[in-house]
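Numbering (our numbering), first residue to last: 1 to 224. Each residue gets a CB set at the ideal place from its N, CA and C atoms; glycine is no exception.
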Ligand SMILES: [Zn+2]
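Written out as structure tokens, the structure reads:
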């Protein structure tokens, strides 16, 4: 027996968090029969600009209805949105034969932002990814050491400067990461890739042996 609830998008009664009608309406990247690694899409590579990572997996462009689910999670504490988004990500963003990472590192928030919001949406989403995929979530390796300005409204160059050297590693990071070969760095939304690139560079320069995929629920860059 499934519990009956209201679909998170259309509010009609549904056995799943997002009803089957809304599920087929979501414009996912992978409905387009292109490579699962989005960095192989010229329009996405162009939108990201200069990044050091070479693999990015995401569910869809940042628009309705996923942008609304993400905003509800991030700013209104709508926690059931995280489970629905993580389920969609696992079923549609990674492909059938993707190279499975050994751990997921969520994008950290600076302490000031965390105290203001009381939770980190990337950790909440990451916990669902952990339980759906059985891949450990490492919340204590990467630290946001610099309190950066909000990236929205800044030019691409200013975004890069804003997040440069914004990350550091925890004292226990090498205990977790020295023994791994392959991880995923996870953020809820990627816009220019500047934040992801800065976090990636922090991890990759300390652990050059690591293969690092970048995962994100949505990308905003295809609209620019
Ligand atoms: Zn629906």
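Beta-carbon proximity list for residue i, same chain, < 7 Å, skipping 5 on both sides
i           : result
residue 200 : 52, 53, 185, 212 and 214
residue 160 : 194
Beta-carbon contacts of residue i that lie in its chain and below 8 Å, excluding the five residues immediately before and after
i           : result
residue 40  : 34
residue 132 : 86, 87 and 90
Of the residues the options, the one placed nearest residue i, counting alpha carbons only
i           : options              : result
residue 119 : 134, 146 and 76      : 76
residue 219 : 139, 167, 128 and 67 : 67
residue 28  : 83, 106 and 65       : 65
residue 138 : 151, 123 and 152     : 123
residue 84  : 100, 22 and 110      : 22
residue 202 : 14, 174 and 150      : 174
Cβ neighbour criterion (16 or more within 10 Å) applied to residue i
i           : result
residue 8   : buried
residue 47  : buried
residue 18  : buried
residue 142 : buried
residue 14  : buried
residue 179 : exposed
Inter-residue Cα distance where the pair is residue i and residue j
i           : j           : result
residue 156 : residue 44  : 15 Å
residue 167 : residue 112 : 14 Å
residue 183 : residue 4   : 36 Å
residue 81  : residue 49  : 30 Å
Spatial neighbours of residue i in its chain, beta-carbon cut-off 6 Å, leaving aside the 5 residues before and after
i           : result
residue 148 : 162, 163 and 166
residue 121 : 73, 74 and 188
- Message: Can you tell me which residues fall inside 5 Å of ligand 1, judged by beta-carbon distance to its nearest heavy atom, and keep chain order?
- Response: 7, 9, 10, 19 and 22
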